[in-house]
Structures are given as C-alpha cells and as structure tokens.
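Visitor:
2 protein chains.
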Amino acid sequence: MKQVTINDVAKAAGVSRQTVSRAMNDKGEISEETKERVLTAVRELGYRPNRMAQSMVTRRTGTVGLVFSDILNPFFPEVARGVQDVAREQEYNVFLCNTDDDPKVETQILQSLVAQGVDGIIILGSCLGAKALLEFADTYHPIIMTNRFVNHPNINQLIVDNIRGGALAAEHFIQQGHTQVGIITNENISYSRVRRVQGFFNTLLQHNLPCDESVIATGAPTLAGGYAAAKHLLTHQPQLTALFAYNDLMALGAMRACRDMGLDIPEHVSIIGFDDIHLTSIVSPSLSSVRVDKYMIGTKAMTRLLEMVARPDTIFPWQEMPVELVLRESTCLTFS
Amino acid sequence: MKQVTINDVAKAAGVSRQTVSRAMNDKGEISEETKERVLTAVRELGYRPNRMAQSMVTRRTGTVGLVFSDILNPFFPEVARGVQDVAREQEYNVFLCNTDDDPKVETQILQSLVAQGVDGIIILGSCLGAKALLEFADTYHPIIMTNRFVNHPNINQLIVDNIRGGALAAEHFIQQGHTQVGIITNENISYSRVRRVQGFFNTLLQHNLPCDESVIATGAPTLAGGYAAAKHLLTHQPQLTALFAYNDLMALGAMRACRDMGLDIPEHVSIIGFDDIHLTSIVSPSLSSVRVDKYMIGTKAMTRLLEMVARPDTIFPWQEMPVELVLRESTCLTFS
DNA sequence: AAATTTACCGTGAACGTTCACGTGAATAAA
DNA sequence: TTTATTCACGTGAACGTTCACGGTAAATTT
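Residue numbers (numbering that gives the first Met the number 0), protein chains in the order written: chain A, 0 to 335; chain B, 0 to 335.
1) Roughly how many angstroms separate the alpha carbons of serine 285 of chain B and histidine 206 of chain A, rounded to a whole number?
2) Got a sec: does the ligand FMN put a non-hydrogen atom nearer than 8 Å to the Cβ of alanine 253 of chain A?
3) Helix, strand or coil, according to DSSP, for serine 335 of chain B in the structure here?
4) Buried or exposed for glutamate 328 of chain A, going by 16 or more other Cβ atoms inside 10 Å?
5) Shortest alpha-carbon distance to leucine 65 of chain B belongs to which of B/Val41, B/Gly27, B/Val93?
6) Taking 9 Å as the CB-CB limit, is glutamate 90 of chain B close to chain A?
7) May I ask which residues mark the beginning and end of the beta strand (DSSP E) holding serine 280 of chain A?
8) If you follow the beta strand (DSSP E) that methionine 144 of chain B is part of, which residue opens it and which one closes it?
9) Tell me whether glycine 61 of chain A sits in a helix, a strand or coil according to DSSP, three-state version.
10) Establish whether the CB of serine 54 of chain A and some CB of chain B are separated by less than 9 Å.
11) Within a Cβ cutoff of 6 Å, which residues of the same chain sit near alanine 12 of chain B, ignoring the five residues on either side of it in sequence?
12) Cβ of valine 110 of chain B less than 9 Å from any chain A Cβ?
13) Classify glutamine 238 of chain B as helix, strand or coil using the three-state DSSP reduction.
14) I'd like the span of the alpha helix (DSSP H) that includes phenylalanine 172 of chain B, first residue to last.
15) At which residues does the beta strand (DSSP E) containing glycine 218 of chain B begin and terminate?
16) Just curious, the alpha helix (DSSP H) that methionine 249 of chain A is in, first and last residue?
17) Can you have a look at aspartate 312 of chain A and say buried or exposed, based on whether 16 or more other CB atoms are within 10 angstroms of its CB?
18) Check the C-beta distance from isoleucine 162 of chain A over to arginine 303 of chain A and give it rounded, since I have them as a contact under 8 Å.
19) Leaving out five residues on either side along the sequence, give the residues of the same chain with a beta carbon under 7 Å from the beta carbon of phenylalanine 135 of chain A.
20) Label valine 322 of chain A either buried or exposed according to how many other C-beta atoms from any shown protein chain fall within 10 Å of its C-beta, with 16 as the threshold for buried.
21) If you reduce the DSSP assignment to three classes, tell me which class threonine 184 of chain A lands in.
22) Using a Cβ cut-off of 9 Å (strictly closer), state whether asparagine 97 of chain A contacts chain B.
23) Please list, in chain order, the residues of the segment 270-294 of chain A that have any C-beta partner in chain B closer than 9 Å.
24) Note down, in chain order, each residue of its chain lying with its Cβ closer than 7 Å to the Cβ of glutamate 170 of chain B, except the 5 sequence neighbours on either side.
25) Which residue from A/Val117, A/Gly116, A/Asn155, A/Gln115 puts its Cα closest to that of leucine 132 of chain A?
26) Can you tell me which of A/Cys257, A/His267, A/Thr298, A/Met320 puts its alpha carbon nearest to the alpha carbon of aspartate 84 of chain A?
27) Name the residue from A/Phe199, A/Val149, A/Cys126, A/Arg147 whose alpha carbon lies nearest to the alpha carbon of glutamate 186 of chain A.
28) So who's on the other strand from leucine 203 of chain A, going by DSSP bridges?
29) Note down, in chain order, each residue of its chain lying with its Cβ closer than 7 Å to the Cβ of aspartate 25 of chain B, except the 5 sequence neighbours on either side.
30) In the DSSP assignment, what residue or residues form a beta bridge with serine 288 of chain A?
31) Just checking my contact of glutamate 90 of chain A with glycine 124 of chain A at CB under 8 Å: how many whole Å lie between their CB atoms?
32) Taking 9 Å as the threshold (C-beta atoms), are leucine 95 of chain B and alanine 79 of chain B in contact?
33) Going by DSSP, what residue range makes up the alpha helix (DSSP H) through glutamate 134 of chain B?
34) Counting only Cβ pairs nearer than 9 Å, list the residues of chain A close to arginine 80 of chain B.
35) Straight-line CA distance for lysine 10 of chain B to valine 159 of chain A?
Below, the structure is given as structure tokens:
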C-alpha cells in the first residue's frame with residue numbers, strides 16, 4: 000500500500016533521483032546503459048511518478064476542465080467524446096462539470112477548476128455575462144469557448160455558423176412553399192440563440208415573408224420546454240405550417256406537442272431542429288436538423304487548448320464550424 | 000498572473016502560515032479576532048489554496064474517477080449526473096473516462112487515474128477479468144463497482160437486480176399470451192448479461208415454455224448491434240412474437256429492424272428493453288423497459304465512495320438496486 | 001507566590017518531483 | 001603537455017501546503 004517513490008527506484012538502480020527522472024522523461028544526458036538499468040528497476044518496483052508532486056514543480060497537472068450546462072442533453076456527450084479522445088492520446092484527464100445554466104454554479108465550478116490546477120478550461124456555451132468572463136479570463140489562461148464571442152487574449156473561440164444554420168432552415172421552408180413559419184427558441188438570450196434567429200429571419204425578409212416577434216415562442220432548451228412553447232405558439236398562431244427550433248430537444252418536444260394537438264408531421268406542420276443529435280434519426284417521424292459535427296467540436300477544442308498550453312504567448316485565431324442541413328421525414332412527405 | 004500563496008496572506012495579515020491555514024480549515028486553536036483578520040486578507044488578495052500542494056501532504060486530491068464503456072450510451076450520463084451532483088456538494092471533481100469495452104484501454108485508464116492520485120474510482124460495468132480486477136484492487140483503494148461481483152475488501156459492489164428484471168419481462172410476455180419469445184443480448188458475457196438472461200429463461204421454464212440457445216441473438220450493445228441481431232433472429236426464427244433486449248439501445252435497434260421487415264409493433268412483435276433510458280418514452284411507438292434508477296445509482300455510488308474514503312478500514316456491505324417494469328406502447332395494444 | 005493549565009501562535013520538517021547548478025572523468029583541441 | 005570541451009551523473013533548492021511540535025503569555029489553581 001506504500002507508494003513507490005523515485006528514491007526507491009534510485010536506490011534500487013544505484014543512481015540518483017535526477018538520473019531516474021532523466022530516464023523516465025528521456026531528456027538526454029544519460030547513457031543507454033544506465034537508462035536500461037533504471038527502467039528495469041522501474042518495472043520491477045512498479046513505479047509510477049506521482050502526478051501531484053510533478054505538478055507542484057512543473058505547474059502542469061495534465062488535466063483540463065470541460066464545462067457545459069447539462070450532460071443529459073445528448074449534444075454534450077458527443078462533444079465530450081471528442082475532447083476525451085484527444086485528451087487520452089496526450090495522457091490528459093478531463094473533468095466534466097454541469098452548470099445547469101446557472102451563473103452562480105458556473106462561477107463556482109470555474110473557481111473550483113482553477114483551484115484544482117487544471118491546465119485549461121473548455122466552456123461550451125457559457126451562461127455568464129461578458130463582464131464576468133473577461134474578469135475570469137484576466138486571472139486564468141487558457142480558455143476555449145464555443146458559441147460566445149468574448150475578445151480576450153486568454154480566450155480562444157470556436158464558433159458554429161449559427162447564422163447560416165438559421166438561413167438554411169428558412170431557405171428549405173421557403174423552397175417547400177411555406178409562407179407562415181414560426182420559431183421555438185431558448186428563453187436565455189445567448190449568442191447562438193440570437194444568431195440562429197437572425198439567420199432565419201433575415202432569409203425570410205429577403206423573400207418578403209412576414210416575420211415578427213409574434214411567431215417566436217420561448218422555453219427551456221429541453222423536451223419539456225419545446226413542448227410547452229410549441230403548444231403555446233400553435234394555439235395562438237394556428238396558421239403556422241413550419242417550425243424552426245433552437246435545438247433538437249425543443250424540436251422533439253414540439254413534435255410531441257403537435258401529436259397531442261392532432262397535427263400530423265409533416266402534413267400539417269414541418270419541423271427543423273438544430274444540432275442533429277443522434278436522436279433525430281431514431282424517432283418517428285425522423286427529424287430534419289441543422290447538423291454540426293459535435294465530435295469535431297470536441298477534438299478541435301481540445302487540440303487547440305493543448306496548443307495554447309504548449310505556447311502560452313501565442314494568440315490563435317478563432318475557428319468556425321460549418322453547418323449543413325440534413326433532411327428527414329419531419330419536413331418532407333416523400334422522404335422514406 | 001502570479002499565484003497568491005499562503006505566505007502572501009500571512010504577510011498581509013501579519014501572522015504565520017500555520018495561522019492562515021487554521022483560519023481557512025477552522026480547526027480551532029485560533030481567536031475569532033485574528034481569524035477575521037486573516038479571512039479579510041484572504042478575500043482581499045483573492046487567495047485560494049493550491050490543491051496540488053494540499054494533496055501533496057494530505058494525500059487527498061478531492062478527485063474521483065468514473066469509468067464506463069461509452070459516454071454516448073445515454074445510460075451513463077444519467078448515472079454520471081448523480082455522481083457529479085454528490086461530488087459537487089462535497090467539493091469533489093470527477094474525471095469521466097471511456098473504455099469502449101476494451102480491456103487494454105480500461106487498464107490504461109485505471110493506471111492513469113491512480114497516477115493522477117484520485118481518491119477513489121467508480122467502475123460502471125468493468126470489462127476486465129476477475130483476476131485483473133483483484134490484482135488492481137490489491138494495489139488501490141477504494142473502488143466501487145456496479146454489476147460485477149468481485150469479492151475484495153477494497154471493492155464495494157452496487158448490484159442491479161438483473162435476475163428480477165429478466166423475470167419481470169418474461170412474466171409480462173407470458174401474461175400477454177406470448178409463447179414464442181426471443182432474446183437479443185450483448186456478445187460480451189458480462190455479469191449483467193448472464194443474470195438478465197437467466198432471470199428471463201428461468202421464468203419461461205417455470206411456465207413450461209420453450210427456450211434454448213436458438214432464440215438468443217447477440218450483437219454489440221448499441222443501436223446497430225440490436226438492429227443486426229434482431230434482423231438475424233427474426234429471419235431465422237419467424238415464429239417469435241416477443242423480444243427481450245439486453246438494453247434499450249439494442250431494443251431500439253430491434254424496433255427499427257422490425258419496421259424494415261414490415262413487422263408492426265406491438266401487433267406482430269412485442270419488445271421490452273432494459274435500463275429505461277429517457278429515449279424510451281420519446282420514440283414512437285414508445286418502448287417498454289425494465290427501469291432502474293440511474294441517477295440513484297450515481298448518487299449511491301458516489302456517497303458510498305466518499306464514506307470509504309473517510310473510513311478506510313471499514314468494510315461496507317454491497318447494495319442492491321431494485322428494478323421495475325414500465326409498460327409502454329411496444330408491448331401493449333391498448334396503451335395510449 | 002509558585003505551579004499548573006489554557007489559549008494562541010510560530011517553526012522546522014515533510015510530501016515527491018523537477019530545475020539549475022556543480023563535479024569529475026574522458027575526450028578533443030591547442 | 002596543457003587547456004577546453006563534452007558527457008554522464010549527483011546535489012541542494014524549490015514548488016505550496018499541512019503536521020507535529022515548541023513556545024509564550026495570560027488565566028487559573030494550589
């Protein structure tokens with residue numbers, strides 16, 4: 000049960016601590032012969048360097064924090080998987096933390112991660128204000144943020160092309176002949192919410208279609224939120240024949256609402272979601288959605304974060320994630 | 000950017016390191032007056048104790064590892080959420096790790112977590128052999144394992160009542176008049192797989208219903224695996240009118256297979272899954288499933304783990320998680 | 001008044017590693 | 001031969017905490 004330390008190995012191999020350290024991290028300045036001797040001693044004793052002790056002096060812990068609203072939203076596990084896979088390759092470990100979209104919780108979590116000594120933090124869609132984020136960035140480096148544009152040298156952004164996503168949805172509705180379209184969206188006025196609605200509305204305007212606040216309904220970005228918002232919207236605006244949802248969960252909630260209201264999909268109402276989580280192709284009717292490569296968000300974020308750790312003084316450009324519209328049964332009668 | 004250390008606080012408050020430490024961890028031996036003085040200094044300087052340094056001497060990192068096959072299986076996020084919520088309450092942080100059911104990966108991950116210095120490890124359904132697990136437990140403490148019975152003082156078990164789960168499914172099929180029932184299950188012969196099948200078969204036998212290897216089809220515990228297994232099974236055993244699946248993902252895959260084969264659910268084939276993930280009530284037809292409280296698995300596991308951390312020499316009894324059958328459209332015509 | 005206790009607070013050591021040096025021997029250059 | 005240079009390795013310090021002591025003054029007891 001007693002830990003094997005570097006001194007035990009040194010004694011066993013008949014060398015000094017430093018030589019053992021050299022053998023392990025092969026930084027040179029050591030002969031092949033003694034290196035072999037040390038490494039066999041390492042193997043025999045089952046020595047593994049103590050990370051806390053290493054961290055103490057190197058100021059690196061080999062850990063990062065991944066912060067998001069709720070792991071139960073299938074969007075996040077997909078991103079997390081990307082982060083984790085890159086992390087494991089580089090012998091990094093990652094803390095996952097839920098904020099429940101509560102600013103108080105998020106700040107507490109960030110503090111906790113900093114105290115923990117993580118080498119960097121990835122925040123997927125922060126719910127903090129710009130001021131709080133800038134303040135935090137002043138004291139901590141490096142940070143990756145998605146769907147949030149906070150201009151600070153310690154923060155690197157990964158932005159989904161939300162505007163184009165909204166535009167793609169609108170274009171498809173228009174092309175299908177819809178003229179009365181509505182939006183179901185997050186009540187939190189986030190960066191991505193604004194852009195998605197903006198892209199959608201702009202495209203409608205370009206085609207001289209009516210759109211104003213009255214066709215927007217809001218709710219929590221969840222199944223229940225989407226259900227309630229859709230029910231409310233379709234009750235008060237029964238002329239609508241197409242809905243664009245902030246994310247897939249809300250879209251699925253909307254689908255359920257339609258079913259409960261006796262509205263067929265897509266015969267009476269067409270629906271397009273956002274994110275294209277795995278669920279979209281499982282439900283029936285399957286859900287059209289604006290796809291974004293979630294796994295790649297994860298890998299890109301983590302890769303970039305590690306670059307920032309390795310080169311602390313470099314300022315990296317922000318990156319954009321493309322989107323694409325995936326059509327399924329919820330928008331198209333002739334779809335299999 | 001420079002870290003505020005305990006010495007800075009000590010200097011600012013005009014006391015020694017130790018007194019600052021006493022003020023923070025209020026262990027007594029300090030007057031209210033100086034405590035106040037120290038704490039205001041702490042606040043003014045924004046001091047937060049460095050966890051690595053603390054860990055160095057206390058041998059506690061305030062971190063635990065949560066290991067499972069794949070975060071993309073919705074079962075695990077639900078459990079993880081329970082673990083994380085308890086963790087946050089106790090100011091713990093948790094590493095999430097995917098093994099992809101690969102023993103090599105799992106051992107590597109466990110090693111990495113130990114080196115990281117986690118205070119404990121929760122393994123949800125290990126894919127390692129008993130020998131490897133015992134060996135690992137010999138060198139590490141404490142460990143929580145679900146659905147795996149490895150008898151070792153360092154390991155505490157949390158076991159789902161798999162046998163009863165299988166029995167409940169069988170009972171319901173029998174009650175509905177089915178006489179030709181099949182099983183779709185994991186190809187890995189895990190603890191839970193054996194028990195679920197066992198509970199199911201035993202109940203069939205008690206009612207003198209036919210059951211043998213020929214009505215078992217295996218595949219990966221995923222959508223695709225369930226799809227393939229169901230297609231194979233229903234092709235070769237077309238008399239089957241009911242399927243019991245190892246987990247919900249396989250069940251959903253089976254539903255899709257039925258649809259592709261022109262079989263209606265539940266008119267031609269009834270299906271029961273396992274786990275009762277959130278998805279079951281979203282799909283259409285909704286899926287009957289053996290429910291287990293996943294969130295509670297997480298909270299129980301983490302709570303127990305912390306108990307083990309606090310009282311290293313105590314041996315705790317294993318715990319059982321009850322199951323219940325939730326009926327939905329996939330097994331019942333008259334269900335709304 | 002002397003002795004003992006109590007309440008606070010400070011000091012050196014330790015945790016296990018790496019970094020910046022220092023050292024001595026062998027080799028190469030003068 | 002003498003002086004540099006290189007190579008291989010060792011030594012003290014440092015990272016920021018907490019632990020086990022030790023010490024001093026005031027309060028209490030004898």
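All C-beta atoms in this analysis are idealised placements derived from N, C-alpha and C, irrespective of residue type, glycine included.
Only a predicted model underlies this, so the values are computations on that prediction, with no experimental measurement involved.
Guide: Working from what's here:
1) Within the second sequence, the letter at position 286 stands for residue 285 of chain B. Within the first sequence, the letter at position 207 stands for residue 206 of chain A. About 40 Å.
2) Among the components modelled here there is no ligand, and therefore nothing to report on the ligand FMN.
3) Translated into the one-based positions of the second sequence, residue 335 of chain B becomes position 336. Because serine 335 of chain B sits at a pLDDT of 36, beneath the cut-off of 50, its placement in the model cannot be relied upon, and the point is left open.
4) Working through the first sequence from its first residue, we reach residue 328 of chain A at position 329. It is buried - the Cβ of glutamate 328 of chain A has at least 16 other Cβ atoms within 10 Å.
5) Numbered from 1 along the second sequence, position 66 holds the residue referred to as residue 65 of chain B. It is B/Val93 whose Cα lies nearest to the Cα of leucine 65 of chain B.
6) Locating residue 90 of chain B in the second sequence gives position 91, counting from the first residue. It does; some Cβ of chain A falls within 9 Å.
7) Along the first sequence, read from residue 1 onward, the residue named residue 280 of chain A stands at position 281. No beta strand (DSSP E) holds serine 280 of chain A; DSSP gives it neither H nor E.
8) Numbered from its first residue, the second sequence carries residue 144 of chain B at position 145. Element bounds for methionine 144 of chain B: 142-145.
9) Sequence index remark: in the first sequence, residue 61 of chain A carries index 62 (1-based). Shown here, glycine 61 of chain A sits in coil according to DSSP, grouped into three states, outside any helix or strand.
10) What you label residue 54 of chain A is simply residue 55 of the first sequence in a count that begins at 1. Serine 54 of chain A counts as touching chain B.
11) By 1-based counting over the second sequence, the position of residue 12 of chain B is 13. The residues are Arg36, Val37, Ala40.
12) For the purposes of this step, residue 110 of chain B is taken as residue 111 along the second sequence, with counting starting at 1. Residue 110 of chain B is actually glutamine in this sequence, not valine. At least one chain A Cβ lies under 9 Å of glutamine 110 of chain B.
13) For the purposes of this step, residue 238 of chain B is taken as residue 239 along the second sequence, with counting starting at 1. The answer is coil: DSSP assigns glutamine 238 of chain B none of H, G, I, E or B.
14) Position 173 of the second sequence, counting from 1, holds the residue named residue 172 of chain B. Looking at the DSSP string, the run of the alpha helix (DSSP H) that includes phenylalanine 172 of chain B is 161-174.
15) Position 219 of the second sequence, counted from the first residue, corresponds to residue 218 of chain B. Element bounds for glycine 218 of chain B: 215-218.
16) Position 250 of the first sequence holds residue 249 of chain A. Run containing methionine 249 of chain A: 247-259, per the alpha helix (DSSP H) assignment.
17) Against the first sequence, residue 312 of chain A aligns to sequence position 313. By the 10 Å Cβ count, aspartate 312 of chain A comes out exposed.
18) In the first sequence, the residue the question calls residue 162 of chain A occupies position 163. In the first sequence, the residue the question calls residue 303 of chain A occupies position 304. No, isoleucine 162 of chain A and arginine 303 of chain A are not in contact; Cβ-Cβ is about 22 Å, not under 8 Å.
19) Here residue 135 of chain A is taken as the residue at index 136 of the first sequence, counted from 1. Only Leu109 meet the Cβ criterion.
20) Your numbering for residue 322 of chain A matches position 323 in the first sequence. Classification for valine 322 of chain A: buried.
21) Taking the first sequence and counting its residues from 1, the one referred to as residue 184 of chain A is at position 185. Here threonine 184 of chain A sits in strand by DSSP.
22) Walking along the first sequence from the start, residue 97 of chain A turns up at place 98. Interface residue, yes.
23) His277, Leu278, Ile281, Val282, Ser283, Pro284
24) Here residue 170 of chain B is taken as the residue at index 171 of the second sequence, counted from 1. For glutamate 170 of chain B, where only same-chain residues beyond five positions count, the Cβ hits under 7 Å are Thr202.
25) Sequence index remark: in the first sequence, residue 132 of chain A carries index 133 (1-based). Considering only alpha carbons, the answer is A/Asn155.
26) Along the first sequence, read from residue 1 onward, the residue named residue 84 of chain A stands at position 85. When only C-alpha atoms are compared, the closest one is A/Thr298.
27) Position 187 of the first sequence, counted from the first residue, corresponds to residue 186 of chain A. With distances taken between Cα atoms, glutamate 186 of chain A lies closest to A/Cys126.
28) Here the question's residue 203 of chain A lines up with position 204 in the first sequence. Looking at the DSSP assignment, leucine 203 of chain A forms no beta bridge with any residue, so it has no partner.
29) Against the second sequence, residue 25 of chain B aligns to sequence position 26. Taken in chain order, the list of residues that qualify is empty.
30) Within the first sequence, numbered from 1, the residue matching residue 288 of chain A stands at position 289. Paired residue(s): A/Gly272, A/Val325.
31) In the first sequence, residue 90 of chain A corresponds to position 91, counting from 1. In the first sequence, residue 124 of chain A corresponds to position 125, counting from 1. Incorrect: roughly 28 Å between the Cβ atoms, too far for contact.
32) Position 80 of the second sequence, counted from the first residue, corresponds to residue 79 of chain B. Position 96 of the second sequence, counted from the first residue, corresponds to residue 95 of chain B. Contact flag set, yes.
33) Against the second sequence, residue 134 of chain B aligns to sequence position 135. Element bounds for glutamate 134 of chain B: 129-138.
34) As a working mapping, residue 80 of chain B is identified with position 81 in the second sequence. Within 9 Å Cβ-Cβ: Asp69, Ile70, Leu71, Asn97.
35) What you label residue 10 of chain B is simply residue 11 of the second sequence in a count that begins at 1. What you label residue 159 of chain A is simply residue 160 of the first sequence in a count that begins at 1. Rounded to whole angstroms, lysine 10 of chain B to valine 159 of chain A spans 48 Å at the Cα level.
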